[in-house]
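Protein chains in written order, with numbering that gives the first Met the number 0: chain E, 0 to 335; chain P, 0 to 290.
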Amino acid sequence: MTKPPIRRRTAGKNRFTERGEDNLLSSVDRSFTDHHVGEGELRFVPMSKIDFDPDQPRNLPFGQVEIEAYRDKKLSLDDLSINAKLAMEAIVGLASTIEEQRLIHPVTIYPYGERYRVVEGERRTLAHFYLNAANIKAVVIPKKPDNIALLELQLVENIQREDLTLAERVDTLARIESLFQSQGKSGLSLQYIEKRLGIKKSQGSLYMTTARGPKDVRDAVVNGTIKSLRLADKIARVTDVDERKILIDQAALANIEDNVTWQGSKKPETKKPGKPAAQKTLPLGRIARPVIKTIIEKTLGNKVTEVFDGVNWDNDKEAVRAWREFLSYVEKEFND
Amino acid sequence: MKVLVIANNKGGIGKTTLSKIISEYFARIGKRVLGVDLDPQCNFSRRFVEMVSGDGNASLEPGLHPDYDPGDPENDDWDGRSSTADIYFEGAAAIYPTELENFSIIPAHGKRLNDVERVTNADAVSLVHDQLRQFLFYDEDGESLANDYDLVVIDTSPSKGPLTVSAVRAATHMLIPAEMDQFSIEGLYGMSAMWSRENMAREKDNELKLVGILANKYQKQRSDVDFVYSQLKALQNIGPYLLNEKMHYWQAYAEANMHNAGSIFDLKPSDKARKEAEEICRVLGEKLFND
């Protein structure tokens with residue numbers, strides 16, 4: 000008869016790690032890393048405590064009262080304007096999606112006394128009123144964001160929407176810039192646009208030339224005469240009014256829509272079909288900071304202040320970073 | 000006014016013992032301290048207030064408030080007993096004096112606190128969550144408790160329920176006692192989530208600060224306990240929060256938990272448990288008051 004194996008009492012270390020606590024320890028440790036103070040807490044908040052902010056412009060031509068009246072069949076679609084009717088139907092559609100799949104993106108709210116006010120998520124909130132839902136999934140931020148933060152929040156939210164028109168994007172950027180200026184700050188820098196709104200500098204530059212451009216160009220973008228961002232950028236750079244008018248008329252006739260797709264950093268990049276462009280690494284030798292600056296200035300002309308606003312050319316790291324960005328910028332211009 | 004919540008959703012890891020020690024220590028060094036007992040087991044209250052068995056049930060509730068005079072018409076609106084449950088049901092509670100000059104307490108009420116903890120209606124839950132903070136920081140005509148106390152010590156029940164959430168929401172600082180074993184470490188996970196969630200809803204200048212994780216019931220002769228401690232201490236994120244001071248498994252702590260027990264600070268100055276408690280409280284004091 001064989002003896003059963005002897006089970007030795009192992010030291011603390013082995014007993015602990017044997018049970019998989021190593022994994023537990025690292026999970027617990029990770030949980031202590033990301034503490035985003037003030038970024039909002041996800042909660043389920045009773046709908047009975049939710050209000051819209053009376054000081055905030057609304058996007059829809061109706062509110063809680065109308066949506067509840069429609070739900071309770073006290074209001075007919077025939078009583079509404081065409082716009083309101085379409086919007087109401089869209090809310091009902093959204094409500095049925097939420098009912099089936101639950102709310103994926105929480106709305107953002109802030110406490111107001113013992114109640115809460117909606118910062119963003121008007122349609123989703125109305126859909127919840129339509130559903131007579133008890134609670135809504137919401138990110139509760141500590142206080143009402145200021146106007147710039149609010150617009151930013153809406154823009155970032157909007158950027159996720161593919162159906163946003165060129166005019167709407169240009170318009171929102173122009174609104175943020177004018178808010179900045181009304182507070183005595185300088186205009187939007189491309190760094191800011193990239194960092195806060197996730198719009199790449201090369202594209203931010205096109206948007207901002209248009210947003211800051213002459214009124215006739217902006218109007219042409221808003222009314223859909225110009226549908227190409229690249230074209231808008233080019234025409235906005237023309238100083239002569241008559242020449243611009245001719246170009247705008249031509250744009251209307253040509254009905255050009257360029258392939259500038261939204262390049263928000265949050266949107267996944269799609270791979271271009273076909274063979275990738277040939278790339279070659281070239282040693283550029285030693286280069287002095289003033290030379291970097293001169294090359295960039297000569298190449299970009301007026302655009303240099305837009306793309307490299309705020310770069311400290313006396314700082315090695317910043318100059319080198321600018322040089323790298325410049326190379327990718329040039330490469331992109333060529334590829335496009 | 001600093002508000003220290005002592006929390007861990009695991010039971011029996013020394014929350015109440017610590018609440019008592021910390022309250023006594025700071026009251027003895029001259030801080031004006033208010034204890035808030037949110038644990039339905041009422042053990043924090045029992046040490047300082049006479050508790051009685053509830054009517055027809057096994058849970059405890061506070062005895063008559065010493066200032067209560069049934070003949071006084073001003074006392075017509077209450078029965079002379081008050082507890083932390085009243086904060087949730089009525090938005091107000093009477094504060095009981097204790098034998099220590101600088102220490103007062105709002106005792107627990109076993110059954111009624113359990114009623115609060117079992118609230119499920121979403122509206123009621125969100126009311127519970129905010130109620131303690133509003134009670135502590137409510138200010139009308141300068142009558143805020145913040146004028147009367149330097150430190151509030153909140154003892155919580157071993158749960159992550161509405162009462163503990165309300166305590167965390169009311170707190171300026173959080174202390175997590177933990178045994179150095181698997182289950183307590185799992186508890187740390189829950190506490191970290193609670194701390195993080197709370198901070199996400201706060202403004203930057205009102206951050207809930209974690210004063211630390213205190214290793215409790217530490218036994219030198221247990222190599223596994225020592226090993227877990229050193230493992231945690233070596234971790235990049237938790238490590239800095241794990242306090243160097245530890246609470247060992249001294250008999251004096253267990254005795255101090257008995258009903259009507261004396262204070263650990265009345266032991267000989269050379270007593271190991273007393274010295275250890277003083278050192279832990281001194282370190283906590285630096286984190287609470289010198290930040």
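Don't be surprised by glycine CBs; every beta carbon is placed ideally from N, CA and C.
Handout entry: CB contact below 9 Å: residue 15 of chain P versus chain E
Key = no
Problem - Reduced DSSP secondary structure (H/G/I, E/B, other) of residue 135 of chain E - result: strand
Exercise for the section: Out of E:241, E:202, E:214, E:244, point me to the one whose CA is closest to residue 229 of chain E's CA. Expected result: E:202
Handout entry: Residues in the segment 221 to 236 of chain P having any Cβ partner in chain E nearer than 8 Å
Key = 221, 222, 223, 224, 225, 226, 227, 230, 231, 234, 235, 236
Exercise for the section: For the alpha helix (DSSP H) containing residue 127 of chain E, list its first residue and its last residue. Expected result: 121 to 130
Exercise for the section: Please say whether residue 206 of chain P and residue 167 of chain P have beta carbons closer to each other than 9 Å? Expected result: no
Problem - Within chain P, the residues that residue 134 of chain E reaches when beta carbons sit closer than 7 Å - result: 121
Practice task
Give me whichever residues DSSP pairs with residue 176 of chain P in a beta bridge.
Solution key: P:213
Practice task
At 9 Å on the CB atoms, spell out the chain P contacts of residue 23 of chain E, in chain order.
Solution key: 181, 184, 185, 188
Practice task
Return the chain-ordered list of same chain residues with a C-beta closer than 6 Å to the C-beta of residue 97 of chain E, the five sequence neighbours on each side being excluded.
Solution key: 126
Exercise for the section: Would you please verify whether the beta carbon of residue 191 of chain P is less than 9 Å from any beta carbon of chain E? Expected result: yes
Practice task
Consider the Cβ of residue 199 of chain P: report whether some Cβ of chain E lies at a distance smaller than 9 Å.
Solution key: yes
Exercise for the section: For residue 41 of chain E, count neighbouring Cβ atoms within 10 angstroms of its own Cβ and tell me buried if that reaches 16, exposed if not. Expected result: exposed
Practice task
Could you name the residues that DSSP lists as bridge partners for residue 106 of chain E?
Solution key: E:137
Problem - Proximity test, Cβ basis, 9 Å: residue 125 of chain P and chain E - result: yes
Handout entry: Bridge-paired residues (DSSP) for residue 195 of chain P
Key = Its beta-bridge partners do not exist; DSSP assigns none.
Problem - Residue-level contact to chain P via CB, residue 36 of chain E, 9 Å cutoff - result: yes
Exercise for the section: Use the C-beta contact count for residue 192 of chain P: other C-beta atoms within 10 angstroms, 16 or more gives buried, fewer gives exposed. Expected result: exposed
Exercise for the section: Could you pull out every residue in the same chain whose Cβ sits closer than 6 Å to the Cβ of residue 144 of chain P, ignoring the five residues on either side in sequence? Expected result: 135
Exercise for the section: Show which residues of chain E have a CB atom less than 7 Å away from the CB atom of residue 208 of chain P. Expected result: Ordered by position in chain E, no residue passes the 7 Å Cβ test against residue 208 of chain P, which lies about 10 Å from the chain.
Exercise for the section: Measuring alpha carbon to alpha carbon, tell me which of E:175, E:232, E:299 ends up nearest residue 195 of chain E. Expected result: E:175
Practice task
Can you grab the Cα-Cα spacing for the pair residue 110 of chain P / residue 73 of chain E, in whole Å?
Solution key: 47 Å
Practice task
Output yes if chain P places a C-beta closer than 9 Å to the C-beta of residue 149 of chain E; else output no.
Solution key: no
Exercise for the section: Would you decide whether residue 118 of chain E is buried or exposed? Buried here means 16 or more other CB atoms lie within 10 Å of its CB. Expected result: buried
Practice task
Please confirm if residue 202 of chain P has its CB atom under 9 Å from at least one CB of chain E.
Solution key: yes
Problem - Under the three-state DSSP convention, the category residue 272 of chain E falls into - result: Residue placement at residue 272 of chain E is poorly supported in this model, since its pLDDT is 40, which falls under 50; the coordinates still yield a value, given next. Residue state, collapsed to three classes: coil.
Practice task
Taking all protein chains shown into account, decide if residue 269 of chain E is buried (16 or more other Cβ within 10 angstroms of its Cβ) or exposed.
Solution key: For residue 269 of chain E, the predicted model reports a pLDDT of 34, less than 50, meaning its position is unreliable; a value from the coordinates is still stated below. With fewer than 16 Cβ atoms within 10 Å of its Cβ, residue 269 of chain E is classed as exposed.
Exercise for the section: Let me know the alpha helix (DSSP H) ranges lying completely inside the segment 193 to 227 of chain E, each 4 residues or longer, listed in chain order. Expected result: 200 to 211, 214 to 221
Exercise for the section: Measuring alpha carbon to alpha carbon, tell me which of E:149, E:65, E:182, E:90 ends up nearest residue 123 of chain E. Expected result: E:90
Exercise for the section: Give the residues of chain E in contact with residue 196 of chain P, contact being defined as C-beta atoms less than 8 Å apart. Expected result: 40, 41
Practice task
Measuring only between beta-carbons, confirm whether residue 270 of chain P sits less than 9 Å from chain E.
Solution key: no
Exercise for the section: For chain P, find out if any of its Cβ atoms is closer than 9 Å to the Cβ of residue 50 of chain E; answer yes or no. Expected result: no
Problem - Proximity of residue 283 of chain P and residue 187 of chain P at Cβ, strictly below 9 Å - result: no
Exercise for the section: Give the residues of chain E in contact with residue 240 of chain P, contact being defined as C-beta atoms less than 8 Å apart. Expected result: 31
Handout entry: Residue from P:278, P:271, P:165, P:94 with nearest C-alpha to residue 112 of chain P
Key = P:165
Problem - Proximal residues of chain P, C-beta to C-beta of residue 142 of chain E below 7 Å - result: 202
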